[in-house]
Amino acid sequence: LLLFTAIPKFYSHNGYFTGALVTQALGVPFSSDELWPYVFVPNVAFVLLSMGMFAFVYESPQFIMEKEGDKEKARRALAAYHGVTVDDASVEAELRICEDGARKKNGKDKNGCAIQTEHDSITIIFMPWKAQDATSQVVRQAAWLGVMVKIAYVFTGARCLRAFSTYVLYDLGGWSFDGALYGSFITSLLRLPFTLIPVFLVDQLGRRPLMISSTAISLLSLVTMIIAIDLGPSFKVITLIGLSVLLLITACGIGSVSRFYAAELVPRSLLISSVSILTMFEALTKIAVEFAWYPIANIIGAQSLLMFAIPTVIFLGIMWAFCPETSKRTVNEVLNEVAMRKNLKVSFPM
Numbered sequence: 056l057l058l059f060t061a062i063p064k065f066y067s068h069n070g071y072f073t074g075a076l077v078t079q080a081l082g083v084p085f086s087s088d089e090l091w092p093y094v095f096v097p098n099v100a101f102v103l104l105s106m107g108m109f110a111f112v113y114e115s116p117q118f119i120m121e122k123e124g125d126k127e128k129a130r131r132a133l134a135a136y137h138g139v140t141v142d143d144a145s146v147e148a149e150l151r152i153c154e155d156g157a158r159k160k161n162g163k164d165k166n167g168c169a170i171q172t173e174h175d176s177i178t179i180i181f182m183p184w185k186a187q188d189a190t191s192q193v194v195r196q197a198a199w200l201g202v203m204v205k206i207a208y209v210f211t212g213a214r215c216l217r218a219f220s221t222y223v224l225y226d227l228g229g230w231s232f233d234g235a236l237y238g239s240f241i242t243s244l245l246r247l248p249f250t251l252i253p254v255f256l257v258d259q260l261g262r263r264p265l266m267i268s269s270t271a272i273s274l275l276s277l278v279t280m281i282i283a284i285d286l287g288p289s290f291k292v293i294t295l296i297g298l299s300v301l302l303l304i305t306a307c308g309i310g311s312v313s314r315f316y317a318a319e320l321v322p323r324s325l326l327i328s329s330v331s332i333l334t335m336f337e338a339l340t341k342i343a344v345e346f347a348w349y350p351i352a353n354i355i356g357a358q359s360l361l362m363f364a365i366p367t368v369i370f371l372g373i374m375w376a377f378c379p380e381t382s383k384r385t386v387n388e389v390l391n392e393v394a395m396r397k398n399l400k401v402s403f404p405m
């Protein structure tokens, strides 16, 4: 499970941070009144380079098998992705997986999903008054728990305060502009190795302990920043420590786990028609929080962080009470635990 879910997710998360760090590093020399209008010029070169590289990237082998049915083209794509020859044994094994996936997608394998539901996913997730059977109740709770964990990460403030870290240190914390600028950059630099920590801990410690402990520490960091900012610039080092701890602990905790936790709660095949709606719900929450905080912070200062601290207390309680452990367990085992907690007489095949 670690190999096929956790590591790829963490490395994609790591790649995201690397790109953000490069952008920030290149932006530092442009942070003057004269050069600020050109701050996005370095990014143009990266965009053009990316477009050039993507032009030579093969289409997804799974997509090729589903839409074109061209086995040889899919084989060449797999060989290119793995950097091996087309007759390599690993390519043949991956190709069989793609073929199985294509059969299920096209409805040729009627037993593709072991979990049978009475309603479609939209009814299950958004119309609880209609989908009241035990299976629907379990799937609905598991699906919303996955969304809740992602939203809980948003309300730790890590995403928002990372974007406004210079503002937090300079305008609220009392640091000099250069001190705030480089303090923000160093914290971003430290986030990169911190994203690798869960790769080694996620199966040893489990998803649930990582989420709960990192959220609790995030809450303490927010409270620390509120107090330090209210006490004035003489406590600016405490503000920096609080901000750094918040950004670093979420990078190796709930920020990383939230990216794949939902997929370990409910089979994606059950939610395929409602995934876009759930994703939109999450995205709107991110936008609302990030656009709302800055104007509020300009008016009330440190107390604006209560906008993150209070919801974090609520989400921490929900995670403690309802979020199951998914490490080293199948999706059906997790759903059976959810059913047991709800005292529902339903069992999912192991």
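Residue numbering for the sequence shown follows my numbering, starting at 56 and increasing by one per position. Just so you know, even glycine gets a beta-carbon here, dropped at the ideal spot from N, CA and C.
Return the chain-ordered list of same chain residues with a C-beta closer than 8 Å to the C-beta of residue i, the five sequence neighbours on each side being excluded.
i: residue 231; result: 225
i: residue 185; result: 174, 178
i: residue 166; result: Confidence at residue 166 is low in this model, with a pLDDT of 44, below 50, so the placement of that residue should be treated as unreliable; the coordinate-derived value is given next. If we look at residue 166 and ignore the five residues flanking it on each side, it has no Cβ neighbours.
i: residue 303; result: 242, 245, 246, 249
i: residue 347; result: 362
i: residue 395; result: none
i: residue 196; result: 377, 393, 397
i: residue 137; result: 143, 145, 146, 149
Who are the Cβ neighbours of residue i in its own chain at under 6 Å, not counting the five residues just before and after it?
i: residue 116; result: 129, 132, 133, 153
i: residue 345; result: 215
i: residue 270; result: 309, 371
i: residue 190; result: 172, 401
i: residue 351; result: 359
For residue i, count neighbouring Cβ atoms within 10 angstroms of its own Cβ and tell me buried if that reaches 16, exposed if not.
i: residue 205; result: buried
i: residue 323; result: exposed
i: residue 194; result: buried
i: residue 349; result: exposed
i: residue 163; result: Caution applies to residue 163, whose pLDDT of 45 falls short of 50 and renders its modelled position unreliable; the model cannot decide the point.
i: residue 291; result: buried
i: residue 239; result: buried
i: residue 20; result: Past the boundaries of the shown model lies residue 20; the chain is included only from 56 to 405, so the question cannot be answered.
i: residue 389; result: buried
i: residue 376; result: exposed
i: residue 146; result: buried
i: residue 335; result: exposed
i: residue 316; result: buried
i: residue 403; result: buried
i: residue 281; result: buried
Is residue i helix, strand or coil when you go by DSSP?
i: residue 165; result: Its pLDDT being 42, under 50, residue 165 is placed unreliably in this model, and the value from its coordinates should be taken loosely. Correct three-state label for residue 165: coil.
i: residue 212; result: coil
i: residue 155; result: helix
i: residue 398; result: coil
i: residue 386; result: helix
i: residue 264; result: helix
i: residue 137; result: helix
i: residue 340; result: helix
i: residue 111; result: coil
i: residue 375; result: helix
i: residue 129; result: helix
i: residue 172; result: coil
i: residue 259; result: helix
i: residue 190; result: helix
i: residue 381; result: coil
i: residue 122; result: helix
i: residue 94; result: coil
i: residue 89; result: coil
i: residue 101; result: helix
Alpha carbons only, please: which of the options is nearest the one belonging to residue i?
i: residue 482; options: 101, 228, 198, 136; result: One cannot answer for residue 482 here, as it falls past the ends of the chain, which runs 56 to 405.
i: residue 124; options: 296, 155, 348; result: 155
i: residue 211; options: 377, 315, 300, 94; result: 300
i: residue 384; options: 359, 363, 258, 285; result: 258
i: residue 340; options: 214, 189, 390, 90; result: 214
i: residue 176; options: 243, 329, 355; result: 329
i: residue 274; options: 357, 312, 148, 368; result: 368
i: residue 338; options: 396, 145, 202, 126; result: 202
i: residue 241; options: 296, 181, 347, 393; result: 296
i: residue 222; options: 264, 284, 180; result: 284
i: residue 121; options: 288, 391, 108, 151; result: 151
i: residue 312; options: 207, 286, 356; result: 207
i: residue 252; options: 263, 306, 289, 234; result: 306
i: residue 263; options: 98, 364, 360, 200; result: 200
i: residue 365; options: 209, 180, 182, 118; result: 209
Return the chain-ordered list of same chain residues with a C-beta closer than 7 Å to the C-beta of residue i, the five sequence neighbours on each side being excluded.
i: residue 261; result: 380, 382
i: residue 218; result: 345
i: residue 192; result: 397, 399
Segments of 4+ residues assigned as alpha helix (DSSP H) that fall wholly inside the segment 214-254:
Listed in chain order, they are 232-249.
Length-filtered (4 minimum) alpha helix (DSSP H) runs lying within the segment 278-355:
291-306, 309-316, 323-326, 330-355
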